[in-house]
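Student:
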Amino acid sequence: MPGTVELCKMGKGGSVAADERVEAISNAIRVIPNFPKPGIQFQDVTTILLDPVAFKHTIDLLTERYRKLKVDVIAGFEARGLIFGAPLAIALGCAFVPLRKPGKLPGATISADYVTEYSTDRIEMHVGALQLGQRVVLVDDLIATGGTLRAGVELVKKAGGEVVEAACVIELPELKGREKLDGLPLHVLVEKEGI
Ligand SMILES: O=P(O)(O)OC[C@H]1O[C@H](OP(=O)(O)OP(=O)(O)O)[C@H](O)[C@@H]1O
Ligand SMILES: Nc1ncnc2[nH]cnc12
97 MPGTVELCKM GKGGSVAADE RVEAISNAIR VIPNFPKPGI QFQDVTTILL DPVAFKHTID
157 LLTERYRKLK VDVIAGFEAR GLIFGAPLAI ALGCAFVPLR KPGKLPGATI SADYVTEYST
217 DRIEMHVGAL QLGQRVVLVD DLIATGGTLR AGVELVKKAG GEVVEAACVI ELPELKGREK
277 LDGLPLHVLV EKEGI
């Protein structure tokens, strides 16, 4: 997979080199053509979850990166960002804030609308989930057009937090999502073709 090694120069990490771990993660991702719409190459991360070694490599690589930064909060996007974000927060010993689809959070919320590769949607965050000035890393499984992450940045800013970086397991570079992030650092483990 071109580019994956360069995307993940961690120095000394676990006992397995970072590039080998990235390759194991990349190999564990299943591609489902034409889901949920014709023309979409769906990058299915549920097959990472079936492989405990690849799943652990994913959380370990992200932990090694964010242990070095001062991070107060990991914010993960429903649905698949919750899967990777929550164990990362545990590993870092910091708070986890879920960013959820409309109507799912029971308390008062703030929201931001966005457009993805195949849908229009909204994310919500609980009022009071973030404290003023907290340093936040946004986590999702994948960046495509960048609409979801951009909405996450908007939400964190509305709540008075500071987004330090965004982290995704997968980037679809052809969809140029990075360009929507206005220079926010984006850390990805694997690049894939999405269309
Ligand atoms: O960069 P973007 O174009 O915004 O697309 C990326 C988003 O799309 C997918 O979620 P989806 O909207 O399919 O929701 P789901 O995880 O609930 O299925 C993916 O998990 C990201 O959250
Ligand atoms: N190609 C893709 N695979 C998986 N999730 C996605 N979200 C947006 N585009 C996607």
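Using my numbering, you'd call the opening residue of the sequence shown number 97 and step up by one each time. Here a beta-carbon is modelled for each residue, glycine too, at the ideal position from N, C-alpha and C. The model shown is predicted, which means the values in this text are computed figures rather than measured ones.
(1) Does DSSP put glycine 57 in a helix, a strand or coil?
(2) Just to confirm, does isoleucine 239 get its C-beta within under 6 Å of one of the non-hydrogen atoms of ligand 1?
(3) Taking leucine 178 as the reference, which of Glu289, Ala191 and Pro148 has the closest Cα?
(4) Please work out which residues of its chain come closer than 8 Å, Cβ to Cβ, to isoleucine 206, disregarding the five sequence neighbours upstream and downstream, and give them in chain order.
(5) Between leucine 195 and alanine 171, which are expected to be in contact by the criterion C-beta below 8 Å, what is the C-beta distance as a whole number of angstroms?
(6) Please classify glycine 279 as buried or exposed, where buried requires at least 16 other C-beta atoms within 10 Å of its C-beta.
(7) Could you check which residue in Leu157, Ala263, Glu258 and Val149 has the C-alpha nearest to that of alanine 240?
(8) Could you round the C-beta distance between isoleucine 155 and proline 132 to whole angstroms and report it? I think they count as a contact, below 8 Å.
(9) Which stretch, first to last residue, makes up the alpha helix (DSSP H) that contains aspartate 156?
(10) For glycine 99, count the other beta carbons within 10 Å of its own beta carbon; 16 or more makes it buried, fewer makes it exposed. Which is it?
(11) Rounding to the nearest angstrom, what Cα-Cα distance links threonine 212 and proline 269 in this structure?
(12) By Cβ distance, which residues of its chain are closer than 6 Å to isoleucine 128, with the 5 residues on each side in sequence left out?
(13) Give the DSSP-derived three-state secondary structure of phenylalanine 192 in the structure shown.
(14) Compute the Euclidean distance between the alpha carbons of glutamate 119 and asparagine 130, then round it to the nearest angstrom.
(15) Less than 7 Å between C-beta atoms, sequence neighbours within five positions excluded: which residues of the same chain meet that for aspartate 217?
(16) Measuring alpha carbon to alpha carbon, tell me which of Arg274, Leu146, Thr244 and Val284 ends up nearest arginine 126.
(17) Taking glycine 290 as the reference, give the member of Pro281, His283 and Glu267 with the closest Cα.
(18) CB of glutamine 227 to nearest heavy atom of ligand 2: below 6 Å?
(19) According to DSSP, which residues form a beta bridge with glutamine 139?
(20) Which same chain residues end up closer than 7 Å to alanine 150 when comparing Cβ atoms and leaving out the 5 residues on each side of it in sequence?
Tutor: Let me spell this out:
(1) The structure shown does not extend to residue 57, since the chain is modelled only from 97 to 291, so the question has no answer here.
(2) Yes, Cβ of isoleucine 239 sits closer than 6 Å to a heavy atom of ligand 1.
(3) The shortest C-alpha separation from leucine 178 is found at Ala191.
(4) Take isoleucine 206, set aside five residues on each side of it, and the residues of its chain with a beta-carbon closer than 8 Å to its own are Glu220, Met221, Val223, Leu251, Lys254 and Ala255, in chain order.
(5) Contact holds; Cβ gap of about 6 Å.
(6) Of the residues assessed, glycine 279 falls on the exposed side of the cut-off, its CB having fewer than 16 other CB atoms within 10 angstroms.
(7) Taking only the C-alpha atoms, the option nearest alanine 240 is Ala263.
(8) About 27 Å separates the beta carbons of isoleucine 155 and proline 132, which is beyond the 8 Å limit, so they are not a contact pair.
(9) 148-163 is the span of the alpha helix (DSSP H), which, as asked, contains aspartate 156.
(10) Note on glycine 99: pLDDT 36, under 50, position unreliable in the model; no value is reported.
(11) C-alpha of threonine 212 to C-alpha of proline 269: approximately 14 Å in a straight line.
(12) In its chain, beyond the 5 residues on either side, Phe138 and Asp140 have a beta carbon closer than 6 Å to the beta carbon of isoleucine 128.
(13) In the structure shown, phenylalanine 192 sits in a strand (DSSP, three-state: E or B).
(14) Answer to the nearest angstrom: the Cα atoms are 24 Å apart.
(15) Hits under 7 Å: Lys197 and Tyr210.
(16) The shortest C-alpha separation from arginine 126 is found at Leu146.
(17) With distances taken between CA atoms, glycine 290 lies nearest to Glu267 out of Pro281, His283 and Glu267.
(18) No, since every heavy atom of ligand 2 falls outside the 6 Å radius drawn around the Cβ of glutamine 227.
(19) Within the DSSP secondary-structure output, glutamine 139 pairs in a beta bridge with Val127.
(20) The answer, listed in chain order, is Ala120, Ile121, Ala124 and Ile144.
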